[in-house]
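J.: Numbering (this note's numbering), first residue to last: 138 to 283. Here it is, the structure in full.
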């Protein structure tokens with residue numbers, strides 16, 4: 138009883154629409170992230186680096202302890218560095234991805250609002266109330282007396 142119920146519960150959970158939609162969103166989001174990262178690294182950063190003097194952000198680092206070399210010229214201890222350039226690059230990637238998603242959601246919202254605002258058919262005038270019918274009859278009777 139335990140295994141079959143557990144498996145049935147898991148299957149019901151995994152096949153819910155929200156879980157499947159979320160999985161598709163994560164996969165598409167990952168692919169979108171790769172595209173935006175490529176745009177940043179391959180298209181935006183080279184001209185930006187050229188404008189600021191040929192600096193590659195990922196190469197920026199602060200050397201806290203220099204590498205140590207032996208008498209034979211081989212490195213005996215690696216340098217200890219704080220790689221803030223990678224952080225700057227990741228932050229720049231994030232900002233561009235967030236801005237792109239913002240624009241995409243804004244576009245979708247605008248399209249759905251236009252669809253919702255489009256009038257389907259002209260609305261029929263509302264039926265007259267009992268008071269309006271009564272007043273119309275009184276008006277008509279007064280016209281007849283004149």
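All residues carry an ideal CB built from backbone N, CA and C; glycine is no exception.
Given a threshold of 16 other Cβ atoms within 10 Å of its Cβ, counted over all protein chains shown, does residue 194 qualify as buried or as exposed?
T.: Within the chain shown, numbered from 1, the residue matching residue 194 stands at position 57. Classification of residue 194: buried, given that the 10 Å Cβ count is 16 or more.
J.: Is it buried or exposed, residue 200, if we count other Cβ atoms within 10 angstroms and call 16 or more buried?
T.: Numbered from 1 along the chain shown, position 63 holds the residue referred to as residue 200. Under this definition residue 200 is an exposed residue.
J.: Please list, in chain order, all residues of the same chain as residue 236 whose beta carbon is under 6 Å from its beta carbon, the five residues on each side excluded.
T.: Taking the first residue of the chain shown as position 1, residue 236 is located at position 99. If we look at residue 236 and ignore the five residues flanking it on each side, it has no Cβ neighbours.
J.: Look up residue 206 in the DSSP assignment and give the residues it is bridged to.
T.: Mapped onto the chain shown, residue 206 falls at position 69. Bridge partners of residue 206: 212.
J.: Just the C-alpha distance for residue 208 and residue 196, rounded to the nearest angstrom, thanks.
T.: Along the chain shown, one-based indexing puts residue 208 at 71. Along the chain shown, one-based indexing puts residue 196 at 59. Cα to Cα, the separation comes out at about 28 Å.
J.: Among the candidates 174, 211, 169 and 142, whose CA atom is the shortest distance from the CA of residue 223?
T.: Along the chain shown, read from residue 1 onward, the residue named residue 223 stands at position 86. The candidate whose alpha carbon is nearest that of residue 223 is 174.
J.: Can you tell me where the alpha helix (DSSP H) holding residue 249 begins and where it ends?
T.: Against the chain shown, residue 249 aligns to sequence position 112. That run of the alpha helix (DSSP H) goes 221–254.
J.: Could you tell me whether the stretch 244–264 touches the stretch 174–191, using the rule of 3 or more Cβ pairs below 8 Å?
T.: No: the two stretches stay apart, fewer than three of their Cβ pairs being nearer than 8 Å.
J.: With a threshold of 16 other CB atoms inside 10 Å of the CB of residue 226, please say whether the residue is buried or exposed.
T.: The residue labelled residue 226 in the question sits at position 89 within the chain shown. So residue 226 counts as buried.
J.: Just the Cα atoms here: how many angstroms apart are residue 270 and residue 254?
T.: As a position in the chain shown, residue 270 is number 133, starting the count at 1. As a position in the chain shown, residue 254 is number 117, starting the count at 1. So the alpha carbons of these two residues sit roughly 33 Å apart.
J.: How far does the alpha helix (DSSP H) with residue 267 in it extend, from its first residue to its last?
T.: The residue you call residue 267 lines up with position 130 of the chain shown. Note, residue 267: alpha helix (DSSP H), 267–282.
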